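Quick note on numbering: the sequence shown equals residues 118 to 305 in our numbering.
Glycine included, each C-beta is placed from N, C-alpha and C at the ideal position.
Since the model is a prediction, treat every value here as computed from it, not as a measurement.
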Amino acid sequence: MAKPNEAQESAREAIIETSIRLFTENGIHSTSLADIAKAASISKGTLYYHYPAKEHLVLDIADYHLGRITDILFGWLDDIARNQDTTDAIRLLFDRLVENDDMIKLHSVLCVEATLLDNNLKKRISSKYREWAVMLEVGSLRMNTEASAGIRRNSKLFFMLVDGYAMQKMLGSEMIDRDNIIDMLIQG
């Protein structure tokens, strides 16, 4: 028999996973807490116990998602070698950030929600973008090459371009070559 804490954690994980799936399939506003409870095969009471309002659930999902991106950046920082070629290092990070279509969809849904209605979510996402820009700048300092100065100057632009590239990828649009984007960032 599962211990109470294990059962609660299992229910919470089911809620998060189901919510992510439904939010990326239908949008946040088109998904009710009742929809989530039904799809997760849990009672509404269990869902409301963990999340008394959808805003709390959205913020938890955002924290989880933004943490995953931060982990990608930390992994990238760990992988950078001293004096590593800047283009290779930025290409590696760029690819890691756009390789997972489900992550791109969730990011898009959360950003739309933040821009439309949710000020708390907007603040969290904006704060993370600032943090990520600093992490990119730290990585460029580790590279310690002349080309890495362009990355430091364009650290905020990097994430705007990654977001745009990811959105175009999801739309199936004709893509700008990733290496052209990286060259533009480095040459600044």
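Residues in the same chain with beta-carbon distance under 8 Å from Ile159, minus the five sequence neighbours each way, listed in chain order, please.
Correct list, in chain order: Ala128, Ala131 and Ile132.
Report buried or exposed for Met118, applying the criterion of at least 16 other Cβ atoms within 10 angstroms of its Cβ.
Unreliable positioning characterises Met118 in this predicted model, as indicated by a pLDDT of 45, which lies under 50. The coordinate reading is nonetheless provided below. Under this definition Met118 is an exposed residue.
Give the secondary structure of Ser158 by DSSP, where H, G and I count as helix, E and B as strand, and everything else as coil.
If DSSP states are grouped into helix, strand and coil, Ser158 belongs with coil.
Just checking my contact of Val215 with Lys286 at CB under 8 Å: how many whole Å lie between their CB atoms?
Their Cβ separation, rounded to whole angstroms, is 6 Å, which keeps Val215 and Lys286 in contact under 8 Å.
Which term fits Ser265, buried or exposed, when burial requires 16 or more other beta carbons within 10 angstroms of its beta carbon?
Buried is the call here.
How is Ile293 classed by DSSP in three states: helix, strand or coil?
Coil at Ile293, not helix or strand.
Helix, strand or coil: which one does DSSP assign to Ile197?
In the structure shown, Ile197 sits in coil (DSSP, three-state: anything other than H, G, I, E or B).
By Cβ distance, which residues of its chain are closer than 8 Å to Asp177, with the 5 residues on each side in sequence left out?
Ile133 and Tyr168, listed in sequence order.
According to DSSP, simplified to helix, strand and coil, what is Glu126?
Helix.
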